Amino acid sequence: MDRPIEQTMCAILAGLAGLLFVLHTTMTKRDSGRHKKRDDGLVTESTSVRSCWLADPVTNSAKRAWEVFNLCYGVVWIAVFAYIVYFGVYKDLTRVGYMVVCGGLCVPILLSPLVMPSKSDKKLPLLERFGVRANLWMAIYSFIGNYWYTHYFYCVLRASYSMPCWRLNDVPIQLYFATFFYFCFYHSLSNLALRKVVTTYVHNAARSVFLVALVLAMSYFVAFMETLTISAYPDYSFEDREMAYKLGSAFYGIYFIVSFPMFYRFDEWPQQLKQPSLWQTCVDSMGTGMAILTLLDAVRLATGVPLQIPLEGASGHR
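For what it's worth, our numbering labels the leading residue of the sequence shown as 625, then goes sequentially.
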């Protein structure tokens with residue numbers, strides 16, 4: 625007899641937590657340390673690294689400011705979405721209404737590098753600021769995810785959207801905007817977790833194994849939680865919701881298996897590496913997107929499901 629989906633998901637998440645706990649015990653903590661200032665005012669690093677969640681306020685204040693903003697702003701858009709779903713506001717939203725909500729929620733993130741730059745970013749031209757480059761990275765990734773990856777959900781998981789919308793490549797356009805602020809929040813959280821491990825434990829095989837397991841666990845958990853929290857919204861549905869929870873979370877998690885570590889390394893060590901230009905940022909994000917697309921297609925091939933992308937205006941997923 626099949627177990628209820630709640631028991632299955634609890635068992636999966638408990639197993640992931642248990643694995644992380646066991647692997648955690650194999651790592652060795654490094655000595656804590658602080659940054660030192662020389663007489664000429666330049667910052668140097670001590671032989672040890674200070675354990676931290678957020679990016680360093682001295683050497684990487686711009687990335688720290690971007691992460692803090694998105695973590696705080698996440699409370700805002702989550703509250704807005706919760707209100708819309710819980711009180712049934714979505715029932716009265718038109719195509720224009722959806723665009724206003726999702727597009728409007730993107731605006732604060734896009735404007736933050738201009739109106740709320742960090743101390744270090746204030747000294748730079750607008751297009752060289754970390755906030756601009758990070759937003760570009762996320763915008764490209766979000767676009768690729770919607771334009772291409774959504775069709776794997778249509779074909780493999782039999783997902784569908786039925787809200788009023790305009791579509792681009794058979795994907796509701798408001799989702800391109802919503803994915804942007806979703807992903808900014810998710811990747812700010814993942815940066816915190818990865819940075820804490822990197823700055824707390826000695827770089828060795830045990831830490832590398834733990835980081836791989838952590839990325840896998842975070843990817844599955846984030847994908848599952850998004851699927852669970854949106855389950856009350858009837859305009860996003862699956863033919864088999866139980867399969868969507870169990871296998872769909874792993875399928876969606878493929879996105880983050882690649883993007884979490886890729887975005888963490890993006891401008892993480894500005895004092896050691898030259899900051900990427902806008903062009904390099906585009907290449908980095910597109911490369912991440914291509915790696916994810918390849919993995920998704922490998923899963924599709926393994927399941928034997930054909931990839932069918934309908935012509936514009938001939939969608940069966942309305």
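Built from N, CA and C at the ideal position, the CB exists for glycine as well.
These numbers were taken from a predicted model, which means no experiment stands behind them.
CA-to-CA distance, CYS906 to SER766, given in whole angstroms:
Position 142 of the sequence shown, counting from 1, holds the residue named residue 766. Position 282 of the sequence shown, counting from 1, holds the residue named residue 906. Approximately 12 Å, taken between the alpha carbons.
Between the CA atoms of PHE884 and SER901 - distance to the nearest angstrom:
Along the sequence shown, one-based indexing puts residue 901 at 277. Along the sequence shown, one-based indexing puts residue 884 at 260. Near 20 Å, if we compare the C-alpha coordinates of PHE884 and SER901.
Since I believe PHE862 is in contact with ALA868 (beta carbons under 8 Å), could you give me their beta-carbon distance rounded to a whole number of angstroms?
Here residue 868 refers to the residue found at position 244 of the sequence shown. Here residue 862 refers to the residue found at position 238 of the sequence shown. About 4 Å; that satisfies the 8 Å criterion.
Considering SER814, what are the terminal residues of the alpha helix (DSSP H) in which it resides?
Sequence index remark: in the sequence shown, residue 814 carries index 190 (1-based). Its alpha helix (DSSP H) spans residues 797-824.
Exposed or buried, what is HIS811 when buried is set at 16 or more other beta-carbons lying within 10 Å of its beta-carbon?
One-based indexing of the sequence shown puts residue 811 at position 187. Per the 10 Å Cβ criterion, buried.
Let me know if ARG819 comes out buried or exposed under the rule of 16 or more other beta-carbons within 10 Å of its beta-carbon.
Stepping through the sequence shown from its first residue, residue 819 is reached at position 195. The residue is buried, with at least 16 neighbouring Cβ atoms inside 10 Å.
Give the secondary structure of TYR857 by DSSP, where H, G and I count as helix, E and B as strand, and everything else as coil.
Numbered from 1 along the sequence shown, position 233 holds the residue referred to as residue 857. Looking at TYR857 - three-state DSSP - the assignment turns out to be coil, as it is neither helix nor strand.
One or two residues paired with SER784 in a DSSP bridge
Position 160 of the sequence shown, counted from the start, is the residue given in the question as residue 784. SER861.
Which value, in whole angstroms, describes the spacing of the CA atoms of HIS648 and TYR888?
Position 24 of the sequence shown holds residue 648. Position 264 of the sequence shown holds residue 888. Roughly 20 Å between the two C-alpha positions.
Below 8 Å on the Cβ atoms is my guess for LEU838 versus VAL821; work out the distance and round it to an integer in Å.
Walking along the sequence shown from the start, residue 838 turns up at place 214. Walking along the sequence shown from the start, residue 821 turns up at place 197. The pair is a contact, with the Cβ atoms about 6 Å apart (cut-off 8 Å).
CB SER832 to CB SER744, shorter than 8 Å?
One-based indexing of the sequence shown puts residue 832 at position 208. One-based indexing of the sequence shown puts residue 744 at position 120. No, they are not a contact pair.
Alpha-carbon to alpha-carbon, LEU835 and ALA829
For the purposes of this step, residue 829 is taken as residue 205 along the sequence shown, with counting starting at 1. For the purposes of this step, residue 835 is taken as residue 211 along the sequence shown, with counting starting at 1. Between ALA829 and LEU835, the C-alpha separation is close to 10 Å.
Cα separation between SER786 and SER843?
Counted from its first residue, the sequence shown places residue 786 at position 162. Counted from its first residue, the sequence shown places residue 843 at position 219. One C-alpha to the other measures close to 27 Å.
Decide if ILE881 is buried, meaning its Cβ has at least 16 other Cβ atoms within 10 Å, or exposed.
Sequence index remark: in the sequence shown, residue 881 carries index 257 (1-based). Label assigned to ILE881: buried.
Below 8 Å, how does it come out for the region 782-800 and the region 751-758: are there three or more Cβ pairs, yes or no?
no
Close Cβ partners of TRP701 (< 7 Å) along its chain, the five nearest in sequence each way excluded:
Reading the sequence shown from its first residue, position 77 is the one you call residue 701. LEU729 and PHE805.
Cβ-Cβ distance between TYR879 and GLY769 below 8 Å
Here the question's residue 879 lines up with position 255 in the sequence shown. Here the question's residue 769 lines up with position 145 in the sequence shown. Yes. Within cutoff.
Alpha helix (DSSP H) containing GLN631: first to last residue?
On the sequence shown, position 7 is the one that residue 631 refers to. Here the alpha helix (DSSP H) through GLN631 covers 629-648.
Cβ shell of LEU678 (< 8 Å), same chain only, five flanking positions each side left out
Counted from its first residue, the sequence shown places residue 678 at position 54. Excluding positions up to five away in sequence, the list reads ARG688, GLU691, VAL692, LEU816 and ARG819.
When burial is assigned at 16 or more other CB atoms within 10 Å of the CB, is ILE854 buried or exposed?
Counted from its first residue, the sequence shown places residue 854 at position 230. Result: exposed.
What residues match up with LEU871 in a beta bridge as DSSP calls it?
Start at 1 with the first residue of the sequence shown, and residue 871 comes out as number 247. Bridge partners of LEU871: none, in fact.
Buried or exposed, going by whether 16 or more other CB atoms sit within 10 Å of the CB of MET651?
Here the question's residue 651 lines up with position 27 in the sequence shown. Its Cβ being crowded by 16 or more others within 10 Å, MET651 is buried.
Cβ-Cβ distance between ALA915 and TYR876 below 8 Å:
Within the sequence shown, numbered from 1, the residue matching residue 915 stands at position 291. Within the sequence shown, numbered from 1, the residue matching residue 876 stands at position 252. Their beta carbons are not under 8 Å apart, which means ALA915 does not touch TYR876 by this criterion.
At least three beta-carbon pairs within less than 8 Å, the region 916-926 to the region 699-718:
no
For GLY872, which option in TYR825, PHE890, PRO894 and MET849 has the closest C-alpha, if you only look at C-alpha atoms?
Position 248 of the sequence shown holds residue 872. The option with the nearest alpha carbon to GLY872 is MET849.
Might you give, ordered along the chain, the residues of its own chain that have their beta carbon closer than 7 Å to the beta carbon of TYR825, omitting 5 neighbours on each side?
Locating residue 825 in the sequence shown gives position 201, where the first residue counts as 1. Closer than 7 Å at Cβ, skipping near neighbours: MET651, THR652, LYS653, ARG654 and ARG831.
Would you report the Cα separation of LEU852 and PRO749, rounded to the nearest angstrom?
The residue labelled residue 852 in the question sits at position 228 within the sequence shown. The residue labelled residue 749 in the question sits at position 125 within the sequence shown. Distance between the alpha carbons of LEU852 and PRO749: 42 Å.
Buried or exposed: ASP891, going by 16 or more other Cβ atoms within 10 Å of its Cβ?
Within the sequence shown, residue 891 is the residue found at index 267, counting from 1. Under this definition ASP891 is a buried residue.
So, at 7 Å on beta carbons, what are the nonlocal neighbours of TRP772 in its own chain, with the 5 sequence-adjacent residues on each side left out?
Working through the sequence shown from its first residue, we reach residue 772 at position 148. Excluding residues within five positions, the ones whose Cβ falls inside 7 Å are LEU917.
Inspect the beta-carbon positions of ILE733 and CYS808 and report whether they are closer than 8 Å.
Taking the first residue of the sequence shown as position 1, residue 733 is located at position 109. Taking the first residue of the sequence shown as position 1, residue 808 is located at position 184. Closer than 8 Å, so yes.
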